[in-house]
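Chemist:
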Amino acid sequence: MNKNLLILWIFYKKLILPAGLFSLLFYFLFQSDPKTFGLSFLLILPLLHYFIYELRLKNEYYFYANFGFSKLFLWIFTVSLGLTVKIITYFL
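Following the working numbering, the numbering of the sequence shown begins with 1 at its first residue and continues without gaps.
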């Protein structure tokens, strides 16, 4: 269990920090509403996933596949994470 969380952390540390920073940038640029942060996070996280892992680091999927994480699972988890942040910020 801890190994799986560590592998997921290795995958998402390249995505969460830039997505959070870009979302904060949009949050401060357009309006001070938490819904803006959630919406931008929902849109930016999959976009970063695509640019980083589909275009730039295509072969890293083999590393995650060796630990049992398929490409489809990682995409579903990325979208689920974005939706979770969007739902949380909707109620703030």
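C-beta: ideal position from N, C-alpha, C; glycine also. These figures come from a predicted structure and were not determined experimentally.
Look at the alpha carbon of Leu57 and the alpha carbon of Phe28, and state the distance between them as a whole number of angstroms.
Modeler: The alpha-carbon atoms of Leu57 and Phe28 are separated by roughly 31 angstroms.
Chemist: How would you label Phe133, buried or exposed, when you count the other beta carbons within 10 angstroms and need 16 or more for buried?
Modeler: Any answer about residue 133 is impossible in this case: the structure gives the chain only from 1 up to 92.
Chemist: Do Leu45 and Thr78 count as a contact pair if the criterion is CB distance below 8 angstroms?
Modeler: Contact flag set, yes.
Chemist: Determine contact between the segment 16–28 and the segment 36–45, defined as no fewer than three beta-carbon pairs at a distance below 8 angstroms.
Modeler: Yes, they touch.
Chemist: Do Tyr64 and Ile16 have their C-beta atoms within less than 8 angstroms of each other?
Modeler: Result no, Cβ atoms of Tyr64 and Ile16 do not sit closer than 8 angstroms.
Chemist: Can you list, in chain order, the residues of its chain whose CB lies under 7 angstroms from that of Phe69, leaving out five sequence neighbours each side?
Modeler: Here the set comprises Ile7.
Chemist: Report the three-state DSSP secondary structure of Pro21 (helix, strand or coil).
Modeler: Checking the sequence shown, residue 21 turns out to be Leu, not Pro. The answer is helix: DSSP assigns Leu21 an H, G or I state.
Chemist: Can you tell me whether Leu5 is buried or exposed? The criterion is at least 16 other CB atoms within 10 Å of its CB, across all chains shown.
Modeler: When all chains shown are included, Leu5 counts as exposed.
Chemist: How far does the alpha helix (DSSP H) with Gly68 in it extend, from its first residue to its last?
Modeler: It is not in any alpha helix (DSSP H) - Gly68 carries neither H nor E in the DSSP assignment.
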